[in-house]
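Numbering (the working numbering), first residue to last: 970 to 1284.
Written out as C-alpha cells, the structure reads:
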C-alpha cells in the first residue's frame, strides 16, 4: 500500500510529465502548421492592409491573365463558325435547310451535359494538368475542324468540341475558390468572364485577316480560320501548363509566409457559417428551390441568348 505522501509524489510526477508533453506539443504546433495537405508551412504572418493588397495583386497577376486567355480562346473557338460561314463553309459543305442550326446546337448539348462530370474529374486531378489539358484537346479538335469535308464530320467535330470545352468555365470557377476568400471572388470571376467580350471584339477582324489566305494549299478561308485559331489555342494550352499553379500551399512564386497567409485566410473564410459542414442533399434541394437562383438563371439566359445570336447568325 502507498502512503499518502507517496501518492502525492506520484501524482505530482505524472502531472509534471503530462505538462511537459503538452508544452512540447504546443511548441511544435506553434512552430509549424500543416496547411494545404502536403506542404508544412510556417504560421501565417500578420500583414498590413497594404501588404495584403500587394499579395493579392501578385496572385492576380499570376493567375488571372492566363485564365482569362483560356476563356477567350474557348469563346473564340466555339463562335468562329459564324465567321467561317461567311467564308464559304455553307457552300462547300452544302449546309442547306437547318443543317447549320443543327451543327451549332450539337456543340451546346454535350457542353451542358459534361460540365458537372468535368468538375468531378478536376477534383481528382491537378488543375495545372486538367485545365491546360482540355485546352490543348479542344485546340486540336478546332484545328482538325478546318479539314472536314462533309456535314456529318462537321457535326461530329462540334460535338467533340462541346465535350472538351465543358470543363473550362466550371473548372476555373472552382479553381478560383481554392485561392480567394468569398468576398474577393466576384471581381475575379467577372474579369475571367469578361474575356468573352474581348473575343467578340476582335474575332471578326481576325477572321477578316485570315480570309485573305483563302486558296492557300487548296483550302478556303473558313478552313484557315479554324486551323489557325485552333493552333493558337494549342499554344495557349501549352503555356498554361507552366503558368497555372495547383494550390496556394504549392505556389513557388510566393514566399512560405505568403503561402501560409493565403491558405490560412481561405481556410477560415467560412468559419462563421460552418466551414466544417459536410454536403447533404438538402443543400442541393435548397439551391434548386431558391427563387433567386432561378431569377439569376433567367437573367443570364436572356443575356447569353442575344450574345450567341449575334455571334453565330449575324450578319
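Glycine is no exception: its CB is placed at the ideal position from the N, C-alpha and C atoms. Because the structure is a prediction, the values reported are computed rather than measured.
Check the Cα spacing between residue 1127 and each of 1257, 1108, 1220, 1173: the tightest is with 1108.
Assignment of beta strand (DSSP E) within the stretch 1151-1212, counting only whole runs of 3 or more residues, yields no such run.
When C-alpha distances from residue 1193 are compared across 1116, 1060, 1016, 1080, the shortest belongs to 1116. Taking every protein chain shown into account, the CB of residue 1014 has fewer than 16 other CB atoms within 10 angstroms, so this residue is exposed. The criterion of a C-beta distance shorter than 8 Å is satisfied by residue 1112 and residue 1196. Just so you know, the alpha carbons of residue 1124 and residue 1134 end up roughly 15 Å apart. Counted as a single uninterrupted DSSP element, the alpha helix (DSSP H) harbouring residue 1052 occupies residues 1050-1053. The C-beta distance from residue 1058 to residue 1064 rounds to 7 Å, short enough to fall under 8 Å. If you check the CB distance, residue 1104 and residue 1209 come in under 8 Å.
DSSP places residue 1254 in the helix class (H, G or I) of the three-state scheme. With a cut-off of 8 Å on Cβ pairs, the stretch 1092-1100 is in contact with the stretch 1135-1149, counting three or more such pairs. For the pair of segments examined, the stretch 1147-1160 was found to touch the stretch 1217-1234: the number of CB pairs separated by less than 8 Å reaches three. With distances taken between CA atoms, residue 1137 lies nearest to 1038 out of 1177, 1061, 1251, 1038. A straight line joining the alpha-carbon of residue 1170 with that of residue 1249 spans about 43 Å. In this structure, residue 1191 sits near residue 1053, with a CB-CB distance shorter than 8 Å. Cα atoms of residue 1012 and residue 1230: separation of roughly 8 Å, rounded to the nearest angstrom. Unbroken alpha helix (DSSP H) stretches of 4 residues or longer found wholly inside the stretch 1005-1048: 1018-1048, given in chain order. Between the stretch 1025-1040 and the stretch 1156-1170 there are three or more inter-stretch CB-CB distances shorter than 8 Å, so the stretches are counted as touching. Here residue 1172 is near residue 1048, since their CB atoms are less than 8 Å apart. Apart from the 5 residues on each side of it in sequence, residue 1280 sits with its Cβ closer than 7 Å to the Cβ of 1048, 1051, 1169 in its chain, given in chain order. The beta carbons of residue 1026 and residue 1180 sit no closer together than 8 Å.
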